[in-house]
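Protein chains in written order, with our numbering: chain A, 3 to 198; chain B, 233 to 575. In what follows, a structure is listed as structure tokens, so that the remarks can point back to it.
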């Protein structure tokens, strides 16, 4: 898949670059832009031409917009997978996703938390343990997305022992402190559990 | 000038598309102190086109300022457009501009020939308008910007505000829409010569001629359509008191602008305008390209005039003698849930 760097380029350049790549035969293209307005203009083009649209916000001023169509415009955007029953509970015990490079891991976790804001149905509960508690403290890059989840009815709980161990008790920026009993019960009662 | 570097290479987004968006702007202005002097007849709280300060019973002073980065690749044309744009706000208040001061930002590394051409373009328009250039101010900057501070005069009793239309009045628009979209297309090499020429001609055209015709008619409100696009400027005119009905089939639109909008050759400012406008009108039933035209930022756009209905056709005929592309585009109706409705 082709990636086109349109950081710093004014509208309509991102739309034109994406459009040309897709018309030249690329099945999908990822366009990097630095502002939400450019994302909106790309979405208008995608909706109008029937291309699938996916967005990953990689940083405050970096958005990766993927337009795809397998050479054929899709009749409609692929619906996001929905759960058959119950909203998921998510256990997050690290501030990175996966193992390997730490910078990549943190970026993946940020992207994952952002993607939860688009999940249908949205997660019911997020539980943060061990290194994961950093994500709910001041300075975390994920606070905006976590707030979006809270606004949508998601409950956020962070392990009190862990916060205390890392000296972060005063730095909790979102959610409630929970003890191990609460966390254990939440895990046992979860309809669907995702463990990261 | 062919071997000169492009003036556009020194700017990211030009013309009225570079304006700080309406949402951000109102937030910034909210904290500023309001004038206590009641001779300030029109200040910034009304989002009007210019400030109006009463000098005496008969006359008031109009003061306005406009400047921006280039939106075209020719310094001389840019100068002409910047000047026409700056003067327009005085005409929109029903006044006559008399004095102007240049505002210039210019990169130290660029050839001064370009600066000379830019100022010459501005001076040409001022001469056409009969406005004296009294001086100006210039600074070095990494990006070119040009415009003017303009002072005008108006009969105190005949100041035209932008937010005083009456229910039943007809709406006239004196220049076609779509300039922002045509320039966006041109920026990516996709505008035809014909489309670009029509857009540039419109931007250089003074609103003086249309404005002078207004004096003999019962005009209740006037504004010029610039960077916030027609719908936002129209909603500023209506405020909360009244609404407007637009006849989208009579909107004057620049050649090929609708086609370019259909190709998503859009500006960032247009989307900001759309976001600001929110749900004040429901554009979902309109063809998407037409909706884009309604939000498209205009640079040095036409006058939007609210006039007594029985005089609308006569005023239109008068205006069309010098501005043949002017049209009646709708009417003012009693206030309703949506500020703007479409037929």
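By construction, the Cβ of each residue, glycine as well, lies at the ideal position given by its N, Cα and C atoms. All of these numbers come straight from a predicted model, not from anything done at the bench.
Who are the near neighbours of residue i in its chain, counting only those whose CB is closer than 6 Å to its CB and skipping five residues on each side?
i	result
residue 166 of chain A	none
residue 427 of chain B	414, 487 and 488
residue 470 of chain B	476 and 571
residue 340 of chain B	372
residue 183 of chain A	none
residue 562 of chain B	403, 476, 477, 478 and 479
residue 107 of chain A	98, 99 and 100
residue 272 of chain B	285
residue 83 of chain A	Reliability of the predicted coordinates at residue 83 of chain A is poor, the pLDDT of 43 falling under 50, and the value obtained from them is presented with this limitation in mind. Contacts found: none.
residue 318 of chain B	298, 379, 380 and 382
residue 196 of chain A	90 and 92
Ordered along the chain, which non-local residues of its own chain (more than five positions away) have a Cβ less than 8 Å from that of residue i?
i	result
residue 416 of chain B	492, 497, 498 and 499
residue 568 of chain B	475
residue 3 of chain A	28, 29, 30, 31, 32, 68 and 70
residue 259 of chain B	none
residue 14 of chain A	43
residue 543 of chain B	449 and 450
residue 266 of chain B	275 and 277
residue 154 of chain A	119 and 124
Considering only C-alpha positions, which residue in the set the options is nearest to residue i?
i	options	result
residue 11 of chain A	B:317, B:319 and B:419	B:419
residue 373 of chain B	B:446, B:337 and B:396	B:337
residue 193 of chain A	A:123, A:135 and A:161	A:123
residue 432 of chain B	B:410, B:446, B:559 and B:362	B:410
residue 201 of chain A	A:133, A:176 and A:18	Residue 201 of chain A falls outside the range modelled here, since chain A spans only 3 to 198, and no answer is possible.
residue 458 of chain B	B:527, B:330 and B:392	B:527
residue 394 of chain B	B:318, B:544, B:565 and B:281	B:281
residue 65 of chain A	A:42, A:53 and A:49	A:42
residue 525 of chain B	B:555, B:460 and B:550	B:460
residue 164 of chain A	A:116, A:180, A:155 and A:32	A:180
residue 364 of chain B	B:353, B:351 and B:331	B:331
residue 430 of chain B	B:329, B:252 and B:408	B:408
residue 484 of chain B	B:446, B:518 and B:434	B:434
residue 387 of chain B	B:289, B:263 and B:535	B:289
residue 552 of chain B	B:455, B:522 and B:444	B:444
residue 143 of chain A	A:57, A:22 and A:61	A:61
residue 133 of chain A	A:17, A:104 and A:49	A:104
Within a Cβ cutoff of 7 Å, which residues of the same chain sit near residue i, ignoring the five residues on either side of it in sequence?
i	result
residue 356 of chain B	312
residue 390 of chain B	326
residue 377 of chain B	299, 300, 301 and 337
residue 575 of chain B	477 and 479
residue 287 of chain B	293
residue 45 of chain A	55
residue 548 of chain B	404, 558 and 560
residue 85 of chain A	Per-residue confidence for residue 85 of chain A stands at a pLDDT of 42, beneath the threshold of 50, marking its modelled position as unreliable; the derived number appears in the next sentence. Counting only Cβ-Cβ distances below 7 Å, and skipping sequence neighbours, we find 123 and 194.
residue 506 of chain B	527
residue 453 of chain B	392, 393, 394, 395, 396, 397, 469 and 538
residue 19 of chain A	6, 8 and 33
residue 401 of chain B	452, 538, 539, 540, 541, 563 and 564
residue 119 of chain A	147, 150 and 151
residue 174 of chain A	138, 139, 160 and 165
residue 171 of chain A	165
What residues from chain C crowd round residue i, counting only those whose CB sits closer than 7 Å?
i	result
residue 39 of chain A	Of the chains in the structure shown, none is chain C; the protein chains are A and B.
Check whether the segment 509-519 of chain B and the segment 416-430 of chain B touch, using three or more Cβ-Cβ pairs below 8 Å as the test. Result no; under three Cβ-Cβ pairs closer than 8 Å.
Cβ contact check for the segment 35-51 of chain A and the segment 437-448 of chain B: 3 or more pairs under 8 Å: no
Note down, in chain order, all residues in the segment 402-427 of chain B with a beta-carbon under 8 Å from any beta-carbon belonging to chain A. Residues 416, 417, 419, 420 and 422.
Taking a cut of 7 Å between CB atoms, which residues from the segment 41-55 of chain A lie near chain B? Those residues of the segment 41-55 of chain A that come within reach of chain B (Cβ to Cβ, closer than 7 Å) are 42, 43, 46, 47 and 50.
Positions along the segment 7-31 of chain A whose CB lies within less than 8 Å of some CB in chain B: 10, 12, 13, 14, 15, 17, 18 and 21
Contact set between the segment 495-529 of chain B and chain A, restricted to residues whose Cβ is under 7 Å from the partner: 496, 497, 498, 499, 500, 503, 504 and 520
Taking contact to mean 3 or more Cβ pairs, one atom from each stretch, closer than 8 Å, check whether the segment 375-386 of chain B and the segment 296-316 of chain B are in contact. They touch, by the three-pair rule.
Spell out a yes or no on whether the segment 90-98 of chain A and the segment 125-135 of chain A are touching, meaning 3 or more CB-CB pairs, one atom from each, closer than 8 Å. yes
Please name the residues in the segment 175-198 of chain A whose beta-carbon is closer than 9 Å to at least one beta-carbon of chain B, in chain order. Residues are counted here when their Cβ sits less than 9 Å from a Cβ of chain B; for the segment 175-198 of chain A the count is zero.
Segment contact, 8 Å Cβ cut-off, at least three pairs: the segment 127-144 of chain A with the segment 158-173 of chain A: yes
At what residue ranges does the segment 391-437 of chain B contain a whole run of the beta strand (DSSP E), taking only runs of 3 or more? 402-405
So within the segment 500-562 of chain B, which uninterrupted beta strand (DSSP E) runs reach at least 3 residues, ignoring any that extend past its ends? 535-539
Give the list of continuous alpha helix (DSSP H) stretches no shorter than 4 residues that lie fully inside the segment 271-354 of chain B. 307-324
At 4 residues or longer, what runs of the alpha helix (DSSP H) sit wholly inside the segment 25-57 of chain A? 38-51
Where in the segment 79-156 of chain A do unbroken runs of the beta strand (DSSP E), each at least 3 residues long, occur, reported from the N-terminal end onward? 90-94 and 127-130
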